[in-house]
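First comes the structure, then the notes that go with it.
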Amino acid sequence: MLTGGKRWVWRGTVQGRRRDFGLGSYPTVSLKEARTKALEYLRIGRTGGDPSDARSQVPTFEQAAEKVIQLHQPKWKPGGRSEEQWRASLANYVFPRIGNKPVNKVTTHDVMVCLAPIWYSRSTTARRTRQRISAIMRWSIAHGYRADNPGDDRITAALGKNTKRPQHLTFVHHSRVAGAIAKIRESTALSTMRLAIEFAILTAARSGEARGARWSEMRIADQLWEIPCVFELVLAVPVGMALKYLPCPFGVVA
């Protein structure tokens with residue numbers, strides 16, 4: 000049957016007791032999928048078994064996380080850091096504690112144990128990690144593995160707000176840019192790194208634009224760099240599909 004909260008539920012008799020078993024959320028779980036699972040539970044119940052034993056097939060938290068990451072991959076920007084950040088935060092702070100735990104056994108206390116060490120010292124990382132845990136738990140709920148989300152806002156209520164004043168990056172006054180470039184040239188950093196920073200400064204480009212630049216975008220004869228519209232940030236006024244032209248300062252192209 001489909002409940003008012005749009006969740007499939009199988010209701011039947013198991014070992015002489017009336018029991019309800021969640022089959023997943025609609026429309027994530029289709030009618031066909033719900034029926035298949037319900038028939039399996041019915042078969043188990045009629046043979047004297049307990050559908051709860053089928054929970055041995057419940058994925059671990061790490062397995063569920065991999066499923067969620069795979070679902071997100073098509074939406075993430077190619078070459079971006081979204082997947083890297085997801086995997087790093089989970090591998091560093093979550094998997095060591097609950098990675099091998101079935102998702103239906105993860106508790107709010109488990110999530111708190113994962114996040115408490117970084118809740119105040121690395122508040123942004125902690126907040127994003129909690130959001131990722133919550134997303135994995137929502138996936139688990141949708142597939143009928145559990146009924147609640149131990150990664151929801153109860154964590155904030157238990158650990159307290161971890162907001163703090165943002166630490167803005169310092170900037171170099173325009174009168175000191177020449178000196179800054181001179182120091183960059185004298186630094187011991189990799190030459191590619193030094194040149195990339197100088198290139199970004201001289202073209203007033205974003206770091207992502209500079210790092211993702213291609214020779215095919217350079218019009219050397221015209222001293223122009225054509226930045227593809229994929230890099231455009233659309234705010235209040237859309238820029239459409241037009242290219243953005245930035246003058247190529249003398250000396251940028253070696």
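Take the sequence shown: its position 15, counted from the start at 1, is 14 in numbering that gives the first Met the number 0, and no numbers get skipped.
Think of the CB as a built atom: it goes at the ideal place given N, C-alpha and C, for glycine as much as any other residue.
request  = Return helix, strand or coil for Asp19, following the three-state DSSP convention.
outcome  = The residue given as residue 19 occupies position 20 in the sequence shown. In this structure, Asp19 counts as strand in the three-state DSSP scheme.
key: Rounded C-alpha distance that separates Val171 from Thr202   = To locate residue 171, count along the sequence shown from 1; it is residue 172. To locate residue 202, count along the sequence shown from 1; it is residue 203. So the two alpha carbons sit approximately 15 Å from each other.
key: Same chain, Cβ closer than 6 Å to Pro70, neighbours up to 5 away in sequence not counted   = Within the sequence shown, residue 70 is the residue found at index 71, counting from 1. Pro is not the amino acid found at residue 70; the sequence shown has Leu there. Residues of the same chain with their beta carbon placed closer than 6 Å to that of Leu70 are lacking, with the five preceding and five following residues left out of the count.
key: Bridge-paired residues (DSSP) for Val331   = Residue 331 lies beyond the residue range present for the chain, which begins at 0 and ends at 253; the question has no answer from this structure.
ask   = Do the region 112-127 and the region 84-94 make contact, defined as three or more Cβ pairs closer than 8 Å?
value = yes
task = Would you kindly work out how many angstroms separate the C-alpha atoms of Leu258 and Val110, rounded to a whole number?
result = Nothing can be reported for residue 258, as the shown portion of the chain is limited to 0 through 253.
ask   = Would you report the Cα separation of Val105 and Arg129, rounded to the nearest angstrom?
value = One-based indexing of the sequence shown puts residue 105 at position 106. One-based indexing of the sequence shown puts residue 129 at position 130. Rounded to whole angstroms, Val105 to Arg129 spans 13 Å at the Cα level.
inquiry  = Taking the beta carbon of Lys5 as the centre, do at least 16 other beta carbons fall within 10 Å, making it buried, or is it exposed?
reply    = As a first step, residue 5 is located in the sequence shown; it is residue number 6 there, counting from the start. It counts as exposed.
task = Just tell me which of Gly79, Leu38, Pro116, Gly23 has its CA closest to the CA of Thr12.
result = For the purposes of this step, residue 12 is identified with residue 13 of the sequence shown, where counting begins at 1. It is Leu38.
key: Buried versus exposed call for Val93 [16 or more other C-beta atoms within 10 Å across all chains shown]   = By one-based count along the sequence shown, residue 93 stands at place 94. By the beta-carbon neighbour count (other beta carbons within 10 angstroms, threshold 16), Val93 is buried.
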